[in-house]
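When we follow the numbering used here, the leftmost residue of the sequence shown carries the number 517, and every step to the right adds one.
No residue lacks a Cβ here, since even glycine has one placed at the ideal position from N, Cα and C.
Heads up, the thing below is written out as C-alpha cells.
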Amino acid sequence: MFWAKFNIAATILEELQEYLEELTEKTTVSNEEIKKAFSKCIDLNTALIHVLAEADKLQKSSLS
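Given below as C-alpha cells:
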C-alpha cells in the first residue's frame, strides 16, 4: 500500500513537471495563464502532501 501511494505521488510530480514544461515553452503567457498555472501547482502540491502523509502513516504502521 505504501508503494501505491508513492507511485501516486510520482504521477502527481510528473503531471506537474509536464504542465510547467508546456507553460515554459510558450513565448508569451497572459496573466490569466499565470494565475491558472499557480492554481494548478497549488492543487497538485496539496494532493502530493496528502498522498505522502498517507504513505508516511502506512510506513509507520507497518514498522510497529
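Quick check on residue i: buried or exposed, where buried means 16 or more other Cβ atoms within 10 Å of its Cβ?
i	result
V567	buried
I528	buried
K551	exposed
K542	exposed
What residues in its chain sit with their C-beta under 8 Å from that of residue i, if we drop five residues either side in the sequence?
i	result
A525	L564, V567, L568, A571
F518	A571, L574, Q575, S578
What is the DSSP secondary structure of residue i, reduced to helix, strand or coil?
i	result
S546	coil
S578	helix
Just to confirm my understanding: we take residue i, look at its own chain, exclude 5 residues before and 5 after, and list those with CB closer than 7 Å. What are they?
i	result
K556	Y535
Which residues in the same chain have their Cβ closer than 6 Å to the Cβ of residue i, if we skip the five residues on either side of it in sequence?
i	result
L532	L560
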